[in-house]
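Have a look at the structure below, then the notes.
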Amino acid sequence: MRKSKRTHRKLPTASIDSVPVQANPEFEKPKRNIRKISSQPLDPVQEIPQIESEMRQQHLEKATVTSGPNISEQEVISSNEKIRKEATLTISNVPDIETTPRLATESAKAMLRAQGSMFTAVFQNFTQSRDNSFLMLGMEQGCVSLLRKCSSLKPTKQIHAHICITGLHTNPLVFGKLLLHCAISISDALHYALRLFHHFPNPDTFMYNTLIRALSLSQTPLSSIHPFIHLLRHPTLFPDSFSFAFALKAAANSRHLRPGIQLHSQAILHTLDTHIFVGTTLISMYAESGDYDSARRVFDEISEPNVVTWNAAVTAAFRCGDVAGAWGVFRRMPVRNLTSWNVILAGYAKAGELGLARRVFNEMVLKDDVSWSTMIVGFAHYGSFDEAFGFFRELLRRGIRLNEVSLTGVLSACAQAGAFEFGRILHSFMEKAGFLYIGSVNNALIDTYSRCGNVAMASSVFQNMPVARSIVSWTSMIAGLAMHGRGEEAIQLFHEMEESGVRPDGITFISLLYACSHSGLVEEGCAFFSKMKNLYGIEPAIEHYGCMVDLYGRAARLQKAYEFICEMPISPNAIIWRTLLGACSIHGNIELAELVKARLAVVDPNNSSDHVLLSNVYAIAGKWKDVASIRRTMTEQSMRKTPGWSMIEIDKVNYSFVAGEKPNEVTEEAHEKLMEIMLRLRTEAGYAPQVRSVLHDIEEEEKENSVSKHSEKLAAAFGIAKLPKGRVLRIVKNLRVCGDCHTVMKLISEVYQVEIIVRDRNRFHFFKDGFCSCRDYW
DNA sequence: GTAGGGTTAG
1 MRKSKRTHRK LPTASIDSVP VQANPEFEKP KRNIRKISSQ PLDPVQEIPQ
51 IESEMRQQHL EKATVTSGPN ISEQEVISSN EKIRKEATLT ISNVPDIETT
101 PRLATESAKA MLRAQGSMFT AVFQNFTQSR DNSFLMLGME QGCVSLLRKC
151 SSLKPTKQIH AHICITGLHT NPLVFGKLLL HCAISISDAL HYALRLFHHF
201 PNPDTFMYNT LIRALSLSQT PLSSIHPFIH LLRHPTLFPD SFSFAFALKA
251 AANSRHLRPG IQLHSQAILH TLDTHIFVGT TLISMYAESG DYDSARRVFD
301 EISEPNVVTW NAAVTAAFRC GDVAGAWGVF RRMPVRNLTS WNVILAGYAK
351 AGELGLARRV FNEMVLKDDV SWSTMIVGFA HYGSFDEAFG FFRELLRRGI
401 RLNEVSLTGV LSACAQAGAF EFGRILHSFM EKAGFLYIGS VNNALIDTYS
451 RCGNVAMASS VFQNMPVARS IVSWTSMIAG LAMHGRGEEA IQLFHEMEES
501 GVRPDGITFI SLLYACSHSG LVEEGCAFFS KMKNLYGIEP AIEHYGCMVD
551 LYGRAARLQK AYEFICEMPI SPNAIIWRTL LGACSIHGNI ELAELVKARL
601 AVVDPNNSSD HVLLSNVYAI AGKWKDVASI RRTMTEQSMR KTPGWSMIEI
651 DKVNYSFVAG EKPNEVTEEA HEKLMEIMLR LRTEAGYAPQ VRSVLHDIEE
701 EEKENSVSKH SEKLAAAFGI AKLPKGRVLR IVKNLRVCGD CHTVMKLISE
751 VYQVEIIVRD RNRFHFFKDG FCSCRDYW
């Protein structure tokens, strides 16, 4: 991007009136000077095209970790005196945090309760006397903090009623908070936000801007175009740079290019397109919508870009996948600030260029908490959870300020590593430091506890959230129950969510369908699939189809699954076919497996796991020649089977076991214990090894030897040897647990009277008294 | 009284 003097500019031809948003009766014909509440509530949620959601990939590629986070609770707390003071500042509801942390949280809760009763008292007073100005002092703040507790419309309306009675409804700040709350924190309250606006007497441009901003931050950002058009047509008011900045942000959030172009044309007509704030937002908007050329053109037209504009240009390059170009723009920057460096870090980290990110990070003279968070989140996102722990350790050592992003990042690392104990330490710290007043932190905790096998703790976090539960909180909890095979409870929770007024989105349905498929609830799954389309108007994405194939496949309805794929309106990808191949492998259907493998050979020819799955099918049927043939192909094409590994956390240290690794002190101890366990299982529980999980055509004894070395068995043996009696064994495995290991775990849980929780690639297995929570269905 | 660039959970 070269800076050039502006000579001419091209005016986009489309006009703002043709934005692709369904006509809104309230804004279509503005009745000037007459404001009334529409009898038909708006439902902008249905007007906006649904954005395709992508299922988050599991990042468990990392094969070896020798030790976990290894940080004690005391270390975390003692090295963060300063941090806790800052947390007090951020979370205004938590006073005196550094002296009596637990009490402080309690008093914050009490304060919220007190505000609740004060609200009732004030409400009653006012209905009687209409004059109690003394009690009104501080009510503005009180209403705002009460709003934070409301996740549905009903209590919000009560607060609104209170606001009206106290005369606060003409206060633009309180009004704005209420609008923002309705638009952002409550899924189904956009219509209410609009009605609120219509009640506001003689709104000025500032008020319009508040509404545009609120809608731009809602689940349906493009709905903010309506008040923008209204403002354009207003006889006396005009959109200003704020209006354009908010509306363009909405276009950027929606990732729809057309409304963005139309807003751009309007900005040109109002001579605001080169306004430094509007121009910078235009660059982001074009980059978010994938129009790199336009983003560059806008940048070239800004005659005096400041450092923020330059930073936006670097980000634009990264967003459009031009990693080298981003570095080029960065190098040409006349002035750089810390954010410029953080932009580069984030760009590299998101692009998966973690080596480059680390190099830049090491070169940075000045780093802040954002720089550290970026590294933690970046490494955690790509599955390098041990590296993420490393950055976190270093962050603590240097006394850098902790923020909710670094904490959620390290929680994500815990979730992947199954580091339950450390997750608990973080939880206790965050409670004391007041971080639980941030929604995302609660959501990350729910996810971490679920993935660490403790769905009860996840549920406790979910039930006790001191802030409103968002769609993410509900979905995380549903997903947590689903992972543990508690399908009925997941469905129950989904109904509670619907009743609470939170509107499910595409990802909620992925979790729900997953819950059905892992609990064998075929009919329920089918019903939810149609409910999603017909009631909520959510167009199924490839992930939803994948869930349906899994649902039929697991329930042994293989032919139905195959027909379902053939009738899909979008072309099936490798994951869809692989799901069906997995089902064929579970149910031993050779004919269909061969057919599916042929499809996979076209879509994704070099995937080793598909070959392994097919050879599994042959092995189950005893077709060793076919197994050998597949293995030969894999060798010829130098494909390698993903090595299986398992991890167990003992005293906050994570020990990993990899099949066929070189013996060391730990593995030798595990092997020794395992031999002892197996002997006891044979004599006391009549165990006989199941060898069909072994892929090779080898002698029986050798096969038996091979399954006995599976990493999850070693991890369990090590856990039995090291953990005190009565403690739960929590094991994380990167592949699906094999039939023999599953049997062994059940027997160990019975003979040794121990609870074992295994998280495999697909789900959780909770072994107790000789039974597994998956009911042998996985 | 409101903004633009960097890190956030399902």
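Okay, so the first sequence: first residue is 1 according to full-length UniProt numbering, each after it adds one. Beta carbons: idealized from backbone N, C-alpha and C, even for Gly.
Which one or two residues does DSSP pair with residue i in a beta bridge?
i: Ser-646; result: Phe-657, Lys-733
i: Lys-768; result: Phe-771
i: Val-758; result: Ile-731, His-765
Would you decide whether residue i is buried or exposed? Buried here means 16 or more other CB atoms lie within 10 Å of its CB.
i: Pro-386; result: Per the sequence shown, the amino acid found at residue 386 is Asp instead of Pro. When all chains shown are included, Asp-386 counts as buried.
i: Cys-566; result: exposed
i: Thr-508; result: buried
i: Val-278; result: buried
i: His-198; result: exposed
i: Gly-68; result: In this prediction, Gly-68 scores a pLDDT of 33, lower than 50, which makes its location untrustworthy; the coordinate-derived value is nonetheless stated afterwards. By the 10 Å Cβ count, Gly-68 comes out buried.
i: Leu-248; result: buried
i: Arg-56; result: Residue confidence for Arg-56 is low, a pLDDT of 22 falling below 50, so the modelled location carries little weight; the figure read from the coordinates is stated next. Answer is exposed; the Cβ neighbour count stays below 16.
i: Cys-182; result: buried
i: residue 783; result: An answer regarding residue 783 cannot be provided, because it is not within the stretch 1 to 778 covered by the chain.
i: Phe-767; result: buried
i: Ser-38; result: The predicted model places Ser-38 with a pLDDT of 26, which falls under 50 and marks its position as unreliable; any figure quoted below should be read in that light. By the 10 Å Cβ count, Ser-38 comes out exposed.
i: Arg-775; result: exposed
i: Val-732; result: buried
i: Asn-209; result: buried
i: Arg-195; result: buried
i: His-495; result: exposed
i: Arg-255; result: exposed
i: His-539; result: Reading off the sequence, residue 539 comes out as Glu, not His. Per the 10 Å Cβ criterion, exposed.
i: Asp-760; result: buried
i: Ser-303; result: exposed
i: Thr-743; result: buried
Under 8 Å between the Cβ atoms of residue i and residue j?
i: Leu-513; j: Leu-551; result: yes
i: Phe-657; j: Ala-715; result: yes
i: Met-634; j: Ser-608; result: yes
i: Gly-622; j: Ser-711; result: no
i: residue 779; j: Val-737; result: Coverage of the chain is limited to positions 1 through 778, which leaves residue 779 absent and any answer about it impossible.
i: Gly-501; j: Leu-153; result: yes
i: residue 781; j: Met-375; result: Outside the shown range of the chain (1 to 778) lies residue 781, about which nothing can therefore be said.
i: Asn-337; j: Val-307; result: yes
i: Ile-344; j: Val-314; result: yes
i: Cys-741; j: Ala-468; result: no
i: Gly-485; j: Ser-519; result: yes
i: Leu-407; j: Val-370; result: no
i: Leu-190; j: Ser-223; result: yes
Identify which residue in the options has its Cα closest to the Cα of residue i.
i: Glu-356; options: Asn-342, Asp-368, Asp-369, Met-634; result: According to the sequence shown, residue 356 is Leu rather than Glu. Out of Asn-342, Asp-368, Asp-369, Met-634, Asn-342 has the C-alpha closest to the C-alpha of Leu-356.
i: Ala-444; options: Val-461, Leu-194, Lys-432; result: Val-461
i: Pro-504; options: Glu-489, Cys-164, Tyr-536; result: Tyr-536
i: Val-405; options: Met-430, Phe-420, Arg-424, Gly-418; result: Met-430
i: Gly-588; options: Ala-601, Gly-553, His-742; result: Gly-553
i: Val-666; options: Gly-644, Gly-719, Arg-632; result: Gly-719
i: Tyr-286; options: Gly-260, Ser-265, Glu-301; result: Gly-260
i: Ala-267; options: Gly-501, Phe-246, His-256, Phe-529; result: Phe-246
i: Gly-352; options: Leu-436, Gly-378, Thr-339, His-765; result: Gly-378
i: Asn-616; options: Lys-768, Ala-326, Ala-628; result: Ala-628
i: Gly-423; options: Glu-649, Thr-170, Asp-240; result: Glu-649
i: Ser-412; options: Glu-394, Asp-447, Gly-399; result: Asp-447
i: Glu-563; options: Val-365, Leu-595, Thr-236, Pro-155; result: Leu-595
i: Gly-290; options: Asp-300, Arg-393, Ala-317; result: Ala-317
i: Pro-239; options: Ala-250, Leu-272, Tyr-382, Asn-253; result: Leu-272
i: Leu-558; options: Arg-763, Gln-690, Trp-577; result: Trp-577
i: Thr-220; options: Ser-440, Ala-295, Ala-251; result: Ala-251
i: Ala-561; options: Ile-538, Cys-526, Ala-541; result: Cys-526
i: Ser-749; options: Arg-763, Pro-689, Gln-690, Ala-685; result: Ala-685
i: Leu-215; options: Ile-400, Arg-397, His-270, Phe-228; result: Phe-228
i: Met-207; options: His-427, Ser-218, His-230, Ser-185; result: His-230
Requested in this report: Please go through the stretch 159-199 and give each complete alpha helix (DSSP H) segment of 4 or more residues, from N-terminal end onward.
Outcome: As far as the stretch 159-199 is concerned, its whole alpha helix (DSSP H) runs of at least 4 residues are 172-180, 190-199.
Report task. Mind listing, in chain order, the continuous alpha helix (DSSP H) runs of no fewer than 4 residues lying wholly within the stretch 461-495? Result -> Secondary structure in the stretch 461-495: the alpha helix (DSSP H) runs of 4 residues or longer, each lying completely within the stretch, are 471-483 in chain order.
Query raised in the report: Counting only runs that start and end within the stretch 548-633, where is the alpha helix (DSSP H) found for 4 or more residues in a row?
Result: Qualifying alpha helix (DSSP H) stretches, in chain order: 558-566, 574-587, 590-603, 608-620.
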